[in-house]
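K.L.:
In the numbering used here, the protein residues as written are 317 to 645. For each residue, glycine too, the CB sits at the ideal point set by N, CA and C. So that we are looking at the same thing, I have put the structure below in structure tokens.
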């Protein structure tokens, strides 16, 4: 049974991903107008009737192609959710390929619990559902009380894309840059008919993105290595691990991640390291970036999100897409 007429909208930084989804769903992206005021405030205007409709709103809160920051894009999402609810939408789903603030899921001392605050704001803005991919902290799902969240794994799409890049077929070792990614590394190793190794890192408590110690456990000498992680931000962890692996006389090194944020000097670092990176399109990249960085191989998750939207609109279980018999999950 359908939840109502399906309508797809996109905030300004979600347009690229929404276009890919719309092609797979064979529907148009409905018009949405955003006005910027001189003082930095914005106003969102829904330019299509949504009364009684099942609405899906796409937003990529981190957008390197824009001068808007995460907070601006996130608040634009919240404004639009509120506008859609006031306009009479029956159901509203936020499509967040990369969920913002998912790294701030713990509060130490006098720090805020920003991930929980973000969830509270999403729920207050009227969203009935959230669909995202590979949360940095999966336990963040528990922060949602009124809103249902589906956390889609990108593994199937990333593994298939890596198989196109990796032509050697054997002598491959898969590893995560820290103990938290061990399960992910084992999953990839199974699907790539490879062995798994492990890296252990000790981070600095006083400085973000700084690693104080790094150790590698497992036989990697003479092997090709795939480093798998959920996200690459400044590439500091990646650089440390690649440099460590090079002292172990490994052959070719590859990297794979869902969310390629690539902040600060991450792009130049990866260029210097001489490795290939396979990433999804949860972070929008323009054609110029792809043209200038041949090491970057992108696979789209639009098909996965389109399937989830179709399931939700037809009142079917979205978890069937990632909790079934698939060997990729």
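Does DSSP classify residue 489 as helix, strand or coil?
P.N.:
For the purposes of this step, residue 489 is identified with residue 173 of the chain shown, where counting begins at 1. Strand, per DSSP.
K.L.:
Would you identify the three-state DSSP class for residue 641, choosing helix, strand or coil?
P.N.:
By one-based count along the chain shown, residue 641 stands at place 325. For residue 641, the predicted structure reports a pLDDT of 42, less than 50, and the residue's modelled location is therefore unreliable. The matter cannot be settled from this model.
K.L.:
Cutting at 7 Å between CB atoms, please list the residues of its own chain near residue 550, excluding the five before and the five after it.
P.N.:
Here the question's residue 550 lines up with position 234 in the chain shown. For residue 550, where only same-chain residues beyond five positions count, the Cβ hits under 7 Å are 525, 579, 580 and 582.
K.L.:
Following the continuous beta strand (DSSP E) through residue 463, name the residue where it begins and the one where it ends.
P.N.:
Counting from one through the chain shown, the residue named residue 463 turns up at place 147. Per DSSP, residue 463 belongs to no beta strand (DSSP E) and is neither H nor E.
K.L.:
What would DSSP say about residue 529, mapped onto helix, strand or coil?
P.N.:
By one-based count along the chain shown, residue 529 stands at place 213. Correct three-state label for residue 529: strand.
K.L.:
Indicate whether the contact test is met: 3 or more Cβ pairs, each with one atom in the stretch 399-408 and one in the stretch 440-448, closer than 8 Å.
P.N.:
Yes, since at least three Cβ pairs between the stretch 399-408 and the stretch 440-448 fall closer than 8 Å, the two stretches touch.
K.L.:
May I ask you to list the residues that DSSP assigns as paired with residue 512?
P.N.:
Mapped onto the chain shown, residue 512 falls at position 196. Residue 512 pairs with 490.
K.L.:
Output the distance between the C-alpha atoms of residue 388 and residue 379, rounded to the nearest integer angstrom.
P.N.:
Residue mapping note: residue 388 aligns to position 72 of the chain shown, counting from 1. Residue mapping note: residue 379 aligns to position 63 of the chain shown, counting from 1. Those two C-alpha atoms are separated by around 11 Å.
K.L.:
Contact between the stretch 606-617 and the stretch 470-477 is defined here as three or more beta-carbon pairs at a separation below 8 Å; is this criterion met?
P.N.:
Flag = yes, the stretch 606-617 and the stretch 470-477 touch.
K.L.:
Go ahead and pull the three-state DSSP assignment for residue 502.
P.N.:
By 1-based counting over the chain shown, the position of residue 502 is 186. Reduced to three states, the DSSP call for residue 502 is helix.
K.L.:
Taking contact to mean 3 or more Cβ pairs, one atom from each stretch, closer than 8 Å, check whether the stretch 534-544 and the stretch 479-492 are in contact.
P.N.:
Yes, the stretch 534-544 touches the stretch 479-492.
K.L.:
Per DSSP, what kind of secondary structure is residue 588 in: helix, strand or coil?
P.N.:
Here residue 588 is taken as the residue at index 272 of the chain shown, counted from 1. Three-state DSSP puts residue 588 in a helix.
K.L.:
Please identify the residue among 559, 430 and 593 whose C-alpha is closest to the C-alpha of residue 480.
P.N.:
What you label residue 480 is simply residue 164 of the chain shown in a count that begins at 1. Among 559, 430 and 593, the Cα nearest to that of residue 480 is on 593.
K.L.:
Contact between the stretch 417-427 and the stretch 445-461 is defined here as three or more beta-carbon pairs at a separation below 8 Å; is this criterion met?
P.N.:
They touch, by the three-pair rule.
K.L.:
For residue 493, count neighbouring Cβ atoms within 10 angstroms of its own Cβ and tell me buried if that reaches 16, exposed if not.
P.N.:
Along the chain shown, one-based indexing puts residue 493 at 177. With 16 or more other Cβ atoms within 10 Å, it is buried.
K.L.:
By how many angstroms is the C-alpha of residue 585 removed from the C-alpha of residue 333?
P.N.:
Within the chain shown, numbered from 1, the residue matching residue 333 stands at position 17. Within the chain shown, numbered from 1, the residue matching residue 585 stands at position 269. Between residue 333 and residue 585, the C-alpha separation is close to 27 Å.
K.L.:
Tell me the residue span of the beta strand (DSSP E) that contains residue 612.
P.N.:
For the purposes of this step, residue 612 is identified with residue 296 of the chain shown, where counting begins at 1. Where residue 612 is concerned, the enclosing beta strand (DSSP E) stretches over 612-615.
K.L.:
Tell me the start and end of each unbroken alpha helix (DSSP H) in the stretch 328-391 that is at least 4 residues and wholly inside, in chain order.
P.N.:
Runs found: 331-341.
K.L.:
Helix, strand or coil for residue 596 per DSSP?
P.N.:
Your numbering for residue 596 matches position 280 in the chain shown. Residue state, collapsed to three classes: strand.
K.L.:
Could you please give the first and the last residue of the uninterrupted alpha helix (DSSP H) stretch that includes residue 476?
P.N.:
Here residue 476 corresponds to residue number 160 of the chain shown, with the count starting at 1. Where residue 476 is concerned, the enclosing alpha helix (DSSP H) stretches over 471-481.
K.L.:
For a test of the three-state rule: what should DSSP assign to residue 566, helix, strand or coil?
P.N.:
Locating residue 566 in the chain shown gives position 250, where the first residue counts as 1. Coil.
K.L.:
Just the C-alpha distance for residue 482 and residue 475, rounded to the nearest angstrom, thanks.
P.N.:
By one-based count along the chain shown, residue 482 stands at place 166. By one-based count along the chain shown, residue 475 stands at place 159. Going by the C-alpha atoms only, they are around 10 Å apart.
K.L.:
How many angstroms separate the CA atom of residue 364 from the CA atom of residue 350?
P.N.:
Here the question's residue 364 lines up with position 48 in the chain shown. Here the question's residue 350 lines up with position 34 in the chain shown. Spanning the two alpha carbons is a distance of roughly 14 Å.
K.L.:
Please report the residue range of the beta strand (DSSP E) in which residue 445 lies.
P.N.:
Residue mapping note: residue 445 aligns to position 129 of the chain shown, counting from 1. Segment 445-449, the beta strand (DSSP E) holding residue 445.
K.L.:
Quick one: is residue 569 buried, meaning 16 or more other Cβ sit within 10 Å of its Cβ, or exposed?
P.N.:
The residue labelled residue 569 in the question sits at position 253 within the chain shown. Its Cβ being crowded by 16 or more others within 10 Å, residue 569 is buried.
K.L.:
Within the same chain, show all residues whose beta-carbon is closer than 6 Å to that of residue 531, passing over the 5 residues directly before and after it, in chain order.
P.N.:
Residue numbering aside, residue 531 sits at position 215 when the chain shown is read from its first letter. These residues qualify, in order along the chain: 516.
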